[in-house]
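Colleague: So the sequence lines, in the order shown, correspond to chains A and B. Each number in the working numbering corresponds to the 1-based position in the first sequence with 1175 added. Each number in the working numbering corresponds to the 1-based position in the second sequence with 10 added. Note that beta-carbon positions come from the ideal geometry of N, C-alpha and C, so glycine has one too. Quick caveat, the model's predicted, so the values are computed rather than measured.
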Amino acid sequence: MHAIFAAAILATVSQSLPRPSARPRRIALFVTCLVDLFRPSVGFAAVKLLERAGCTVDVPPLQVCCGQPAYNTGDRATTRAIAAQVIAAFDGYDAVVAPSGSCGGMLSHHYPGLFDDDPAMQARAKDLAGRSYELMAFLVDVMGIETVEARYDGAVTYHDSCSGLRELGVKDQPRRLLQSVDGLALREMKSPEVCCGFGGTFCVKYPEISNAMVGEKSADIAASGADTLVAGDLGCLMNMAGKLQREGSPIHVRHVAEVLAGMGDLPAIGEPGRGEPG
Amino acid sequence: MESTAHHFRQNVGTALADPNLQDSLAKLKVGFSERRRQAAERLPEFEALRDRARDIKNHTLANLDFYLEEFERKVLALGGHVHWAPTAADARRIIGELCRGAGARTVAKSKSMVAEEIALNEHLEEIGIEPIETDLGEYIIQLRREPPSHIIAPAVHLTKDQVADTFLEHHRKLGFTKRLTERNDLVAEARYVLRQKFVDADVGLTGANFLVAETGSSMLVTNEGNADLSNTLPRMHIVLASIEKVIPTLEDAAVLLRVLARSATGQESSAYTTLNTGPKRPGDLDGPEHYHVVLLDNGRSGVLGTEMQEILRCIRCGACMNHCPVYGAIGGHAYGWVYPGPLGAVLTPQLIGVEDAGNLPNASTFCGRCESVCPVRIPLPKLMRHWREREFERHLTPTAVRQGLALWSFVARRPRLYRRLAGLANRMLALFGRAEGRYRGLPLASGWTRFRDFPAPPAGGTFHAQWSRRRP
C-alpha cells in the first residue's frame, strides 16, 4: 500500500516539476529603447547568453518602448496604448527577456494594473506578465545556468538597480554568474542597493537632487577599490558612467551582460573606440 | 504650519548648499537603516508581523466609523470627553477653549505631528498661552523657531554645535552662561530647564500613537519619558489625534508596537510605552482631573474609499524617510510642510492640495526602498504615481513636460517612424561623439550635462539596424 501511494505521489511530483524539456525555447528579446539607441552591444550580449543557454532568440520588429516615460509622468492613456502595442508585438513567444530590470518589471509587474476596466486586455497583459523576465533572473532561475564561459581581468563592483532588485528579486543571480568569469574579482561597495539617482525623467526634472545621489554613489563605487562598475540597467549605467567620467574617474562602466558574454574588451560606456561587437 | 511646498525647487537648492544639514544627513542615512536592518534580522517573524500589522490597519479602516464610536463610548464611560474636529481650525478652537477654560498660562506638550499639522503653537501664542515643547528635539527647534525636519527626530537636521549655540543664547537668561560641548551636558541642561516647566504647566497636551477602541485608551511611545510628565502632572490632559490612529484592541496594539519601534529606531521597544485611560479615578494617587480627546479629521475621511486609502495605514515610524535617497539628499525642510519624505509626498498633496505640493510626488526615482521597509506595507511609489496621474488629468504637469511627452508618445506609437528617427539620432550622436566617446554638453539635455557627461553611442547603428543586417 505504502509503495502504491509513494509511486502515485512521486509521479505527480515529477509531472509538476519544471524539467529541461519544459523550459522555454522560443525567446523574444525585448531590446529596450536605451540599449537600441545607445549601447547595441548589450542586446547582442543578451542574445549570445540566451543562445548559449539553448534558446532560440527572436527580435520582434514592432517593439519600441515599454511605456515607462508616460507611466511615470501620470499619462495612463498613452501608457495603455503603448502597453497594448508591446503585448501584440510579443504575442506567442514562450518568454520575453529584457536586459533591464526596469523594463522587465514594467511588463511583469505594472501592465496588468493598467487594464482594470478591460478584462480581455487584462488577461493578455497577465499572460505577458507571466512570461516576462529580466535577463539575469531568466538565465539563472529559469534556464538553470550556473556558470558562463568568459574572461575579464579586473576587479568588478555590482550595483543593484532598483526595479530589478526590489520588484524582481535580482540580487544573487548576476553575482553568481560574475563569480564564474575567469580573472574577475567581485568587490562589493558599501551600499549597492541604494538608488543611483537616475529614475528616468527624474534625473533631468530634478537634476540637483539626482546629482547629489549619483555623487554619493560614485564615491561608494570608488571606495570599493574596483576598476569596473557593472549593473543590469543601461539608464543607471549611463548616469553613473557620466558622473564618474565628469569627475575624472578611471573606472570603466559596463553592462553585466557584456562582461558575462565575454564582450568585456569592447570600449566601456562613454569611452571612445569602435563599438560594433564582433 | 505655513507651507513652502510650492517653493520646493528653491528649498532643494538651500538644503543642498547647507553644510550642517549635509553633515547631519550623512549620519542619519547610515544609522537609522542599519539599526532597522539589524532589528528586523533579530526577529524571525518580523515579515509575518508586517503582514499582520497591515491587515489590522486595513480591517480598522474598513470599519473606521464603528471603531471610532466604540472608542468614544469607552472614553465617555471612563469620565473623559471626546471632541470631533472636522478641520484644523476646529481643532485649534477646541483646544484653545479647553485651555482657556482651565485658566491655563502654560501648556506642556509632548511631541505631536498632528499639533504641527494644525499649527497649534502659533494659535496658543495668539491667545496668550505659552506652549512648551518637552521632547528634546522639539524643544530645540521651538527655541530656534524652526519646523521639525523629521517625524520622529524633529531636530535631526542640526549638529551638536548648533544646539550648543542655541542653548547658550536662550538659557543665558536663566543663568547658564557656559557653552556646552558634550552631548550629555546639553541633555542635562535641557532637562533641568524643562523640569520646572512640567511642574508649573496647567495643561498637558500629547499626541497618540494609537487609540485603543476596546479600552478607550490612548497609547504613546517615547524615549524620553516626557509624555508621562506631560500627562500626569498637569490638571488637564488633552490628547490630540487624527482619526486613523484608532485600532480595535490591545492585542492589535501589541502587534503594531512590535513593528513600530523596530522600523523607527531599531529598538525592540521604545523606552516608554504609556497607556492613558481616562482621568484620575477616586483613590488614584496622581493623574489629570480632566481628560479630553480631540479627534481630527482634516481631510482624512475623504481619502477613505479612494485609491489613496492605503496611506491611512501609516503608523508614523519614519522608516520611509530614513531609507529614502531623496530625503537623504535634501532633508525634511525642503518638502515644505509637516510630513517629509515618501509619506509627505503622498499625504501633503492630500492635506494642503496638490496645486501647492505637486512637486513632492514627482521628486522620486520610484526606487521602492520606502515600500520595502514600510511596517504596514504601504505601496508608496504607487500612491505617488497616482498623484502624478491626477496632476496629469488636471493639467498641472508642467507644459514643457507635457509637450515633450506628447511628442515622444506620437513617435513611440509608430514603430517604423520611431525606428527611422532613432537611427538618425544614433548616427548623429555616434558621429559627433566619436573622438571622446561622450559629450560634456548637449543641446536640450542641460539637466543631464550640467553634472554628468553623456555617453555617446558607438558607431555602427542602432541595435535594430545591426540586427536586421546580420539576421535578415
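Should P54/B be labelled buried (16 or more other beta-carbon atoms within 10 Å of its own) or exposed?
Modeller: Exposed, because fewer than 16 other Cβ atoms sit within 10 Å of the Cβ of P54/B.
Colleague: Measure the C-alpha to C-alpha separation of A36/B and D28/B and round it to an integer number of angstroms.
Modeller: Each residue's Cα considered, the two are about 12 Å apart.
Colleague: Given a cut-off of 8 Å on the beta-carbon distance, is the pair A367/B and L306/B in contact?
Modeller: Their beta carbons are not under 8 Å apart, which means A367/B does not touch L306/B by this criterion.
Colleague: By the criterion of Cβ-Cβ separation under 9 Å, what are the contact partners of I1202/A in chain B?
Modeller: By Cβ distance, chain B contributes nothing, its closest Cβ being about 14 Å from I1202/A, past 9 Å.
Colleague: For the 8 Å Cβ check, are there 3 or more pairs between the stretch 284-299 of chain B and the stretch 49-65 of chain B?
Modeller: With a cut-off of 8 Å, the stretch 49-65 of chain B and the stretch 284-299 of chain B do not count as touching, because too few Cβ pairs lie within range.
Colleague: Measure the alpha-carbon distance for G1358/A versus P465/B and round it to whole angstroms.
Modeller: Roughly 27 Å between the two C-alpha positions.
Colleague: Using the C-alpha atoms, what's the distance from I128/B back to A101/B?
Modeller: So the alpha carbons of these two residues sit roughly 7 Å apart.
Colleague: Mind listing the chain A neighbours of V22/B? Cutoff is C-beta to C-beta under 8 Å, in chain order.
Modeller: Under the 8 Å cutoff, chain A gives Y1381, E1383 and I1384.
Colleague: Output, in chain order, the set of chain B residues within a Cβ distance shorter than 9 Å of K1418/A.
Modeller: The contacting residues are F461, R462 and D463.
Colleague: In angstroms with no decimal places, state the Cα-to-Cα distance between H160/B and L1441/A.
Modeller: Each residue's alpha carbon lies about 47 Å from the other.
Colleague: Leaving aside the five residues before and after S1275/A along the sequence, list all residues of the same chain whose C-beta is less than 6 Å from its C-beta, in chain order.
Modeller: Closer than 6 Å at the Cβ level, and outside the excluded window around S1275/A, lie T1207 and D1408.
Colleague: Do you know how far the Cα of P453/B is from the Cα of L204/B?
Modeller: So the two alpha carbons sit approximately 59 Å from each other.
Colleague: Could you tell me whether the stretch 170-184 of chain B touches the stretch 81-100 of chain B, where touching means 3 or more Cβ pairs closer than 8 Å?
Modeller: They do not touch, by the three-pair rule.
Colleague: Taking 8 Å as the CB-CB limit, is I1257/A close to chain B?
Modeller: With 8 Å as the cut-off, I1257/A counts as an interface residue toward chain B.
Colleague: Are the C-beta atoms of R423/B and some chain A residue less than 8 Å apart?
Modeller: True, the Cβ-Cβ gap to chain A drops below 8 Å.
Colleague: Do the CB positions of T259/B and V222/B come within less than 8 Å of each other?
Modeller: Yes, they are a contact pair.
Colleague: Suppose only complete runs of 4+ residues qualify. What are the alpha helix (DSSP H) ranges in the stretch 316-352 of chain B, listed by chain order?
Modeller: As far as the stretch 316-352 of chain B is concerned, its whole alpha helix (DSSP H) runs of at least 4 residues are 329-332 and 335-340.
Colleague: Expressed to the nearest angstrom, what Euclidean distance is found between the alpha-carbon atoms of A165/B and L146/B?
Modeller: For A165/B and L146/B, the distance between alpha carbons rounds to 9 Å.
Colleague: Count the other CB atoms within 10 Å of the CB of G341/B; is the residue buried (16 or more) or exposed (fewer)?
Modeller: Answer is buried; the Cβ neighbour count reaches 16.
Colleague: Which chain B residues are close to R1227/A, counting only those with a beta carbon under 8 Å from its beta carbon?
Modeller: The premise fails here: R1227/A is roughly 16 Å from chain B at the closest Cβ pair, so nothing lies under 8 Å.
Colleague: Measure from the alpha carbon of L230/B to the alpha carbon of each residue in D195/B, V213/B, S279/B and L285/B, then state which is nearest.
Modeller: Closest option to L230/B, Cα to Cα, is L285/B.
Colleague: Look at the Cβ atom of C1230/A, then the Cβ atom of C1278/A, and state whether they are nearer than 8 Å.
Modeller: In this structure, C1278/A does not lie closer than 8 Å to C1230/A by Cβ.
Colleague: Would you identify the three-state DSSP class for L230/B, choosing helix, strand or coil?
Modeller: Here L230/B sits in strand by DSSP.
Colleague: With burial defined as no fewer than 16 other Cβ atoms inside 10 Å of the residue's Cβ, what is the status of D1347/A: buried or exposed?
Modeller: Exposed: under 16 other Cβ atoms inside 10 Å.
Colleague: Measuring alpha carbon to alpha carbon, tell me which of L1212/A, I1202/A, L1204/A and V1188/A ends up nearest L434/B.
Modeller: Selected option, being the one with the closest Cα: L1212/A.
Colleague: Check whether chain A comes within 8 Å of P467/B, counting only Cβ atoms and requiring the distance to be less than that.
Modeller: Yes, because at least one Cβ of chain A sits closer than 8 Å to the Cβ of P467/B.
Colleague: Which chain A residues are close to S382/B, counting only those with a beta carbon under 7 Å from its beta carbon?
Modeller: Simply R1341.
Colleague: Cβ atoms of F402/B and N1151/A: under 8 Å apart, would you say?
Modeller: Outside the displayed span of chain A (1176 to 1453) sits residue 1151/A, for which this structure offers no information.
Colleague: Decide yes or no for the touch test of the stretch 1247-1267 of chain A against the stretch 1287-1307 of chain A: beta carbon pairs closer than 8 Å, at least 3 of them.
Modeller: Short answer: they touch.
Colleague: If you follow the beta strand (DSSP E) that L88/B is part of, which residue opens it and which one closes it?
Modeller: Careful: L88/B lies outside any beta strand (DSSP E) and carries neither H nor E.
Colleague: Grab me the residues of A50/B's own chain with a C-beta within less than 7 Å of its C-beta, minus the 5 sequence neighbours each way, in chain order.
Modeller: Counting only Cβ-Cβ distances below 7 Å, and skipping sequence neighbours, we find F56 and R272.
Colleague: Using DSSP bridges, identify the partner residues of R115/B.
Modeller: Beta-bridge pairing links R115/B to no other residue.
Colleague: Just to confirm the assignment, what range does the beta strand (DSSP E) spanning L306/B have?
Modeller: H300 to L306 is the span of the beta strand (DSSP E), which, as asked, contains L306/B.
Colleague: With 16 other CB atoms within 10 Å as the buried threshold, where does G1218/A fall?
Modeller: So G1218/A counts as buried.
Colleague: Decide yes or no for the touch test of the stretch 204-217 of chain B against the stretch 124-144 of chain B: beta carbon pairs closer than 8 Å, at least 3 of them.
Modeller: Because the criterion of three Cβ pairs below 8 Å is met, the stretch 204-217 of chain B and the stretch 124-144 of chain B touch.
Colleague: Starting from the beta carbon of P1447/A, find every residue of chain B whose beta carbon is closer than 7 Å, and list them in chain order.
Modeller: By Cβ distance, chain B contributes R444, A445, E446 and G447.
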